[in-house]
Ligand code: DLZ
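Residue numbers (UniProt numbering): 1 to 158.
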């Protein structure tokens, strides 16, 4: 996290990234909403602190992480959207549901990104339990929503 921020500062100081006119769409899964809400807050704060305008950040909610891909596609196909950030949290269970959801969203997000030639960021936590999730959603391991936002900004510099 710290190194990701440092690297982003490097980009900013070299004026390689100006996101003041970029439009970001953030797709947020409602499952485990305490976690995904924190991821969203982290992502938005990071975008704002790096120059994005609040009015240029669009939030769309989908029921679960499985639906992130379609949500991302609907936003990525909009010409005005520059980057899409997908945020979800799939908690490992005793069934294979976890694997199916994670595989589906990973492939789905990748496909949307390549199809529309835009950054579509995989900000999905895959923890073993709620505590591990919260540790990564503003807790002791930082906020993966921040990292997802930083990744989107970096990809816009390509
Ligand atoms: C069904 C389900 C389960 C068991 N667990 C999660 C989860 O931990 N995180 C999450 O984002 N979504 C979960 N879902 C819901 C699926 O993502 C999806 O919404 C449903 O299977 C309907 O397509």
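All C-beta atoms, glycine included, are put in the ideal place defined by N, C-alpha and C.
Check, Outcome
"Assigned secondary structure, residue 87 (DSSP; H/G/I helix, E/B strand, else coil)", "strand"
"Alpha helix (DSSP H) segment containing residue 33, residue limits", "33-49"
"Beta-carbon separation (whole angstroms), residue 22 vs residue 43, contact threshold 8 Å", "Not really, about 14 Å apart at Cβ, beyond 8 Å."
"Contacts around residue 104, its chain only, beta-carbon distance under 6 Å, and the 5 residues preceding and following it disregarded", "66"
"Run of the beta strand (DSSP E) containing residue 122, from where it starts to where it stops", "120-125"
"Alpha-carbon spacing of residue 148 relative to residue 94, whole angstroms", "28 Å"
"Nearest to residue 63 (by Cα), restricted to the options 20, 152, 33", "33"
"Extent of the continuous beta strand (DSSP E) run through residue 26", "24-29"
"Euclidean distance between Cα positions of residue 79 and residue 112", "14 Å"
"In DSSP terms, what residue 60 is bridged to", "27"
"Residue 129 - DSSP class collapsed to helix/strand/coil", "coil"
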